[in-house]
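Each remark here refers to the structure printed beneath this line.
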Amino acid sequence: MSKEPVAVVGVGQTKHVAARRDVSIAGLVREAARRALDDAELTWADVDAVVIGKAPDFFEGVMMPELYLADALGAVGKPLLRVHTAGSVGGSTALVAATQVAARVHRTVLTVAFEKQSESNAMWGLSLPIPFQQPLLAGAGGFFAPHVRAYMRRSGAPDGIGSLVAYKDRRNALKNPYAHLHEHDITLEKVQASPMLWDPIRYSETCPSSDGACAMVLTDRAGAARSPRPAAWVHGGAMRSEPTLFAGKDFVSPRAGRDCAADVYRQAGVTDPRRDIDAVEMYVPFSWYEPMWLENLGFAAEGEGWKLTEAGVTELDGDLPVNMSGGVLSTNPIGASGMIRFAEAALQVRGQAGEHQVDGARRALGHAYGGGSQFFAMWLVGSAPPDA
Amino acid sequence: MPDVLKAPLVVEFPFTRSLGPVQSAFLTGLRERVVLGVRTTDGRTLVPPVEYDPVTADEIRDLVEVAPTGTVTTWAWNHAPRRGQPLATPFAWVLVRLDGADTALLHALDAPGPDTVRTGMRVRVRWAAERSGAITDIACFEPYDGAAAEPDGHRGDFADPVTGIVAPARLDYTYTPGRAQTAHLEALAERRIVGERCPSCRKVYVPPRGACPTCGVATSEQVEVGPRGTVTTFCVVNIKARGLDIEVPYVYAHIALDGADLALHGRIGGIPYDQVRMGLRVEPVWTGGARHPDHYRPTGEPDADYDTYRELL
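Pasting the structure below:
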C-alpha cells in the first residue's frame, strides 16, 4: 500500500527575541501552536495527535516538559510524543509527525518545537564537570572553529567567505518579521570588523541565543483539500546519525549528512539538486557552515561550495537562495531552530514567505543538524503533490 | 580486573522561570496569604491553577480565591526527610482538596506519626513567617478541626506581582569512567599515553572507550601512543571561557598523537599563538602532579606533510 501524501497546511512561530519574560514555557509553545492552527483555520479539536521537540532537558532544567504542556497544546486525551535529537530536533520532530500522517495512523498532526534560552543554560548543560576528564578548553565556537579551519585548508577558500554569509543572512532577517536579530545598520565592513572570538570565527559570524517556538499542522490529502491556503507537500524526508567521534569521522562533510540528503533526493526524484531545488533553508550556526553544507548536501562539488557564496548565488535574489529567513545566524532558539528551517521551506513553496519570498519557489529543502555534527534531519517540500 | 576509578559528580544549577499570568497570580497570592484557583470552562476550580483548560484547551484566566482549609484526599508517610524537603522531621506527603476547590494540591502535613493521619482528615495551611512568592510560602499543612474558613473573594490582582522564580536543581551522581578509561588515566599518572586497538578495524582509540564505535566490538589490546604528535587543526581563543584560568589569546588544537587514529584536544604553548600552524609537531608537557598534560609544545621537528594527517582532520 502506498504512503499517504503529507501536506503542511499551517505554520506558526513566535517573534523570536532574547528573552520572553512575559510568558511561561506553556505560554510560548501555545502562541506558536495557535498561530499554526489559525493559518490552517482549524481548532484544537481538529488535531488528532501532537508531536513535540526540544533540546536536552538540562537546558531549562525541566524534566520531560512535554508532560506539563499537554493542556497548552490541546493534547489531553490524545497521543503526545516527544522527540529528542539535540540541535536537529526541530527537524526530526516534524519528520516524526509527517510519518504518522504518511502511515495513516493520524489524519492531522500538530507538531511544535521550542527553546527558552533566556531561562536555560545550554553551555552548562553541555559541559558537565565530569571527574578525571580534561576540561574542554573552549566554548561552543571553539568546538566548531577548528573544523572551519580544516574546511578552509581543504577547499582553499579565501578568509572573507564567512563574513559574506553573515552579511547576507542578517540582511535577509530584516525582511522576516519573526527573526530575532534585526540589525538595520548592518554593513559588510561591520561584520568584517567584529571581534575575532575563536579565530577563524568572528563575533558577527555566530548565532544569537533566542527564546522562541515554531509549530506546523500536517495533514492528509482530504485535509489539504479543505485547507484555505496553499499546502506545502512533503516530497521526501530522512534522518541519519553517526557517532560524535570515531576514527575516520569527517567533521567538514559528515557522511550522515551526505547519506541523509541522498535519501531525500531519491525519494523526491531529485537528480541534480542545484537545478531541481529552488531554495534552501539550512542550519548554519556559524557562517562558514553555509559553504560546508552546500558541499555536504550536493549543491556543489567538494571544495567548491564557497564559490557559490562568493558569486552571490546564495543571495535572496540569487540562483540558489540560502537561508531566506535570516537563518540560525539571526534566530536561534535551539530546540526550535530545526523546525524553523523546515517551516521556512514550507512557507516558500506555499508562497507565504512575505518579503523574503523567492519568486516562483516550487521545491525547497529544509535542513537541520545537531550534536557534534552527529544528527541530521531534512525534508524536501513542493508546491505540487508528490507523484502518485 | 583492576579496580575502576570512582568519584562524586554533582550537577547543580539555579534555573530561572518566567511564570506567565496564572502562576504569577498564584505565587503572589501565597506571598499575601491568599490561595487562588482557576475556573475552568465547565465551572470547576483547579488548585493549583493551570493556564489552559485540560478539557477544552481554552485559555483560562478566571482566578478565584479558595479557603486555606481543606480535606486530605490521600497521603504517604515520609520516614526520612531529605535535604530541601518542606520539613526536617518525618511528615506525611498529602494531597489536600482545599474548601472551594475541585482538585487537590500536593504538600507536606506536619503530624506526630502515621497513625494520626487518615484520608478525609481536615487540615489547614500553616503560613511561613517569611514569604517571597513561592510554594514554600505554605510552610506545610497542619491538622485542623474547625469550620471551613471563608475566603475573601480575591480575584488575583496584586500590586508588585512576582513574575519569575529561581528553581535550584541538583543531581548527585557517583561517576566511574569504566575499565578502559581507568587504565588510560592510570597510565597518564605515569606520563604515558595508552589507547586501545579495535580487533576488527585495527584503529587505535585514545582515550579508549572500551569498544569501537564503528565496529561495535569490545576493545582490550592496549597500545602506547605518542608522546609526540601533529597539530591537525586549531583555533585561536580570544575570549575567556567561564571557569578556565588561561590567559587569552591561546591556541586550542586537535592533536593526532603518533600511532593514534583520531585526534585529541589540547592547548598549545611554548610558541607565540600566531605562529601555530596545521602540521606543527608537538609533545606533551606535564606540570606539577596533574594527571593530564598542561599543554603541548613544539618539538622542533619539521612540520608534518598535509597528506600524513588529512584523514585525521
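Protein sequence lines correspond, in order, to chains A and B. Be aware that the first sequence starts at 1, since it is given in our numbering, and climbs by one per residue. Be aware that the second sequence starts at 1, since it is given in our numbering, and climbs by one per residue. For glycine and all other residues, C-beta sits at the position ideal for the given N, C-alpha and C. None of these values were measured; they are calculated from a predicted model.
| Asked | Found |
| --- | --- |
| Residue environment, A260 (chain B), which counts as buried when at least 16 other CB atoms sit within 10 Å | buried |
| Neighbourhood of G372 (chain A) by C-beta distance below 6 Å, restricted to the same chain and skipping five residues each side | T244 |
| Other residues of its chain near R202 (chain A): CB distance less than 6 Å, five sequence neighbours each side excluded | S194, M196 |
| Helix, strand or coil at I271 (chain B) according to DSSP, with G and I counted as helix | coil |
| Where I277 (chain A) sits in the DSSP three-state scheme | coil |
| Separation of A94 (chain A) from D359 (chain A), as counted between CA atoms | 25 Å |
| Span of the alpha helix (DSSP H), counted from its first residue to its last, around S337 (chain A) | 334-350 |
| Given 8 Å, three or more beta-carbon pairs between the stretch 77-88 of chain B and the stretch 45-53 of chain A | no |
| Of the listed residues B:Y175, B:P293, B:Y144, B:P21, nearest to A187 (chain B) (C-alpha basis) | B:P293 |
| Contact residues within the stretch 194-211 of chain A, judged by C-beta distance below 8 Å to chain B | P195, M196, L197, W198, D199, P200, I201 |
| Neighbourhood of D62 (chain B) by C-beta, 6 Å cutoff - its chain only, sequence neighbours within 5 removed | R39 |
| Rounded straight-line distance, which links the Cα of V4 (chain B) to that of G289 (chain B) | 20 Å |
| Given G366 (chain A) as reference, the closest of A:I161, A:G160, A:A279, A:Q100 once Cα atoms are compared | A:A279 |
| 7 Å Cβ cutoff, K240 (chain B) in contact with chain A | no |
| Within the stretch 69-121 of chain A, ranges of the beta strand (DSSP E) (whole runs, at least 3 residues) | 80-83, 108-116 |
| I25 (chain A) beta carbon less than 7 Å from that of K168 (chain A) | no |
| Per DSSP, the bridge partner or partners of I138 (chain B) | B:W127 |
| As assigned by DSSP and simplified to three states, the class of Q133 (chain A) | coil |
| Cβ pair A149 (chain B), T28 (chain B) closer than 7 Å | no |
| Option in B:F26, B:L19, B:T89 with minimal Cα separation from V23 (chain A) | B:L19 |
| Where E51 (chain B) meets chain A, residues with beta-carbon distance less than 8 Å | S24, A26, G27, R30, D71, A72 |
| Residues near A179 (chain A) by beta carbon distance below 7 Å, same chain, minus five either side | H16, A173, S325, G326, S330, T331 |
| Host beta strand (DSSP E) of W233 (chain A) (start-end) | 232-241 |
| Cβ pair count under 8 Å reaching 3, the stretch 260-277 of chain A against the stretch 236-246 of chain B | no |
| Per DSSP, cross-strand counterpart(s) of W198 (chain A) | A:I201, B:V237 |
| Proximity test, Cβ basis, 7 Å: L403 (chain A) and chain B | With chain A covering 1 to 388 only, the question about residue 403 (chain A) has no answer from this structure. |
| Simplified DSSP assignment, three categories, for C260 (chain A) | helix |
| D71 (chain A) classed as buried or exposed, judged by whether at least 16 other C-beta atoms fall within 10 angstroms | buried |
| Min CB distance Q374 (chain A) to chain B below 7 Å | no |
| CB contact check: P333 (chain A) to chain B, cutoff 7 Å | no |
| CB of P146 (chain A) within 7 Å of CB of H154 (chain B), strictly | no |
| Run of the beta strand (DSSP E) containing R297 (chain B), from where it starts to where it stops | 295-298 |
| When B:V231, B:V22, B:D152, B:Y52 are compared against R310 (chain B), the one with the closest alpha-carbon | B:V231 |
| The stretch 246-277 of chain A: positions lying closer than 9 Å to chain B by Cβ | F246, A247, G248, K249, D250, F251, V252 |
| Helix, strand or coil at E311 (chain B) [DSSP, three-state] | helix |
| CB of V123 (chain B) within 7 Å of CB of A92 (chain B), strictly | no |
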